[in-house]
Amino acid sequence: MAGAGPRPATLRTAFAIAWPASLAAIITPVLGLIDIAVLGRGADAVALAGASLGGAVISVLYWSFGFLRMSLSGLSAQALGSKDEVQLRAYLLQGLGIGFTVGFVILILASPIIAAGHMLLVETSEASEDAGRAMETYLRVRLLAAPAVIATTAVLGWLTGQGRTGLLMAITTAIAVINACLSVLFVLRMDQGIAGLAAATALAEVAGLALGGLAVLWVTHQRGGIRRHWSLARARMGLGATMSLNRDIFIRTFLIDIVLLSFARLGAGFGDLTVAANHVLLNLILSVTLLLDGPAIAAETFVGQASGARQNKAALFDAAWRETAKIIAAEALFLFLCLAVFSSAVLRVIVGDGPDSSVVIAEAQRFMPWAIFMPLAVAAAYQLDGVFIGATRADKLRDTMAMSALVFGAVAALSMPLIGNHGLWMALLIFMLMRGALLLHAWPVVKAAVLGHSVGMPPSRAAQDLPK
């Protein structure tokens with residue numbers, strides 16, 4: 002059922018949403034770690050480099066369209082806060098429509114996408130042609146699952162905005178388990194190499210969509226019945242506002258992906274061994290720091306509900322950012338300490354005992370100090386991302402990300418000629434710090450927007466189109 006209005010967040014309720022979301026958030030980079038572990042035991046550094054380059058292209062595509070998870074999270078939380086069941090389901094219909102459309106466009110454009118990836122990451126760098134061919138093989142298989150991946154992103158966002166992070170965790174964990182089992186089968190047992198690795202991940206992603214559909218049926222059954230409260234007219238009426246919000250989040254996410262793609266591209270200039278080491282460390286960092294996404298997702302949920310609430314808005318908003326900030330600060334410190342103590346052991350587990358494992362580990366250990374400090378560097382950015390998404394202030398996310406990306410480029414250009422790959426890692430660390438600093442500077446404006454408006458998006462041209 003729709004239930005009562007939102008209540009102020011407490012440390013207990015915020016943690017109840019945050020911990021399943023934290024575990025769910027690490028699944029995407031865990032897929033990358035599974036790839037590394039399997040290839041490390043069944044292939045060589047060229048295959049690892051190919052998976053690294055292919056993974057960078059996949060990140061640009063899929064993470065760029067992660068705007069659907071974030072926008073659906075904020076919008077569905079606001080609909081929940083205003084107790085509008087019809088609008089809540091209308092947002093799901095919008096998300097699925099956008100998700101399948103984008104996914105099929107990616108599928109149709111697979112060949113040009115692969116050609117562009119080869120040109121950017123192989124032809125204009127010192128990556129070997131063997132690594133380039135491995136990348137192309139990987140992408141041709143992975144992109145077959147694009148419609149399922151983007152549509153599942155919308156489903157996960159819709160669940161997140163309602164605080165259903167237990168279902169989020171169950172779906173993403175199932176994807177990881179399926180992927181791990183199929184990877185071992187296809188690569189280590191059937192000796193299918195990088196193509197088998199990509200097939201395992203693609204099949205797991207398709208299974209994720211099926212599981213997401215079951216989760217939607219379960220939630221709608223609990224919230225008044227599967228057949229009730231659906232309105233195509235409402236979904237069409239508010240599509241313009243949703244697309245405007247998605248556009249800004251898309252730009253913001255695309256800029257992150259450009260930074261990560263640039264990181265891979267610039268690292269390729271140091272050779273296949275450094276590419277492989279950077280890939281190992283970057284996936285390790287993403288796996289670790291994305292645990293911080295749980296408190297950020299809790300902030301999305303509670304701030305979104307506060308934005309949609311018609312009463313007690315100030316207390317709801319203050320409790321939302323305050324309680325989730327406590328959790329994210331504690332997690333960041335804990336992860337920093339874990340990396341400082343256990344990083345070498347983790348590297349040995351990830352890379353395994355393949356033919357080139359020892360040299361990849363040795364290269365990765367040279368740059369490990371940068372990775373150790375990353376949880377502290379990203380904590381503020383993660384927390385405030387959640388606040389801004391819940392308030393649907395994507396314009397601020399877009400603008401601050403653009404400035405941070407420019408800083409990354411400037412630092413990399415100045416430092417790499419002097420200290421090589423260390424300069425590249427320094428640029429990434431400063432990029433993360435700059436994100437948090439700029440969002441903190443913009444925070445008072447976001448707070449004023451939330452407290453000044455009762456429902457929907459903050460003041461903007463798109464806000465005028467939102468159905469009330």
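To convert, count from 1 in the sequence shown and add 1; that's the numbering used here.
Just so it is clear, CB atoms sit at the ideal spot from N, CA and C, and this is done for glycine as well.
Quick caveat, the model's predicted, so the values are computed rather than measured.
The beta carbon of residue 157 is closer than 6 Å to those of 70 and 169 in its chain, skipping five residues each way along the sequence. In summary, residue 81 is buried, with 16 or more beta-carbon neighbours lying within 10 Å of its beta-carbon over all protein chains present. Contact annotation: residue 392 and residue 249 have beta-carbon atoms that are not nearer than 9 Å. Residue 199 places its beta carbon 9 Å or farther from that of residue 96. At least 9 Å separates the beta-carbon of residue 106 from that of residue 262.
In the pairwise beta carbon analysis, the stretch 355-372 is classified as not touching the stretch 197-217: fewer than three pairs are separated by under 8 Å.
For residue 120, no alpha helix (DSSP H) encloses it, and the DSSP letter there is neither H nor E. If you keep only unbroken beta strand (DSSP E) runs of at least 3 residues inside the stretch 43-89, you get nothing at all.
The beta carbon of residue 152 lies closer than 7 Å to those of 97, 100, 101, 104 and 210 in the same chain, with the five residues before and after it left out. By the neighbour-count criterion, in which 16 or more other beta carbons inside 10 Å mark a residue as buried, residue 315 falls on the exposed side. Ranked by Cα distance from residue 166, the options 88, 271 and 295 are led by 295. For residue 11, the number of other beta carbons within 10 angstroms of its own is below 16, and it is reported as exposed. Distance from the CA of residue 160 to the CA of residue 415, rounded to the nearest whole angstrom, comes to 43 Å. Secondary structure of residue 163 (DSSP, three-state): coil. Inclusion of residue 306 and residue 326 in the CB contact set at 9 Å is not warranted, their separation being larger than that value.
Sorting 244, 422, 279 and 118 by C-alpha distance to the C-alpha of residue 66 places 244 at the top. Under the three-state reduction of DSSP, residue 230 is assigned to coil, being neither helix nor strand.
In this structure, the alpha-carbon of residue 430 lies about 19 Å from that of residue 271.
Relative to residue 38, the option among 417, 184, 268 and 207 whose CA is nearest is 184. For the pair residue 229 and residue 140, the Cα-to-Cα distance works out to about 41 Å. In this structure, DSSP gives residue 370 a helical state, which the three-state scheme calls helix. Per DSSP, reduced to three states, the secondary structure at residue 102 is helical. If you check the CB distance, residue 236 and residue 94 come in under 9 Å. For the set 324, 433 and 402, the Cα lying nearest the Cα of residue 374 is the one of 433. In this structure, 224 is the residue among 330, 443, 224 and 329 with its C-alpha nearest to the C-alpha of residue 84.
Taking one beta carbon from each stretch, the stretch 329-337 and the stretch 278-298 have 3 or more pairs nearer than 8 Å; the two touch.
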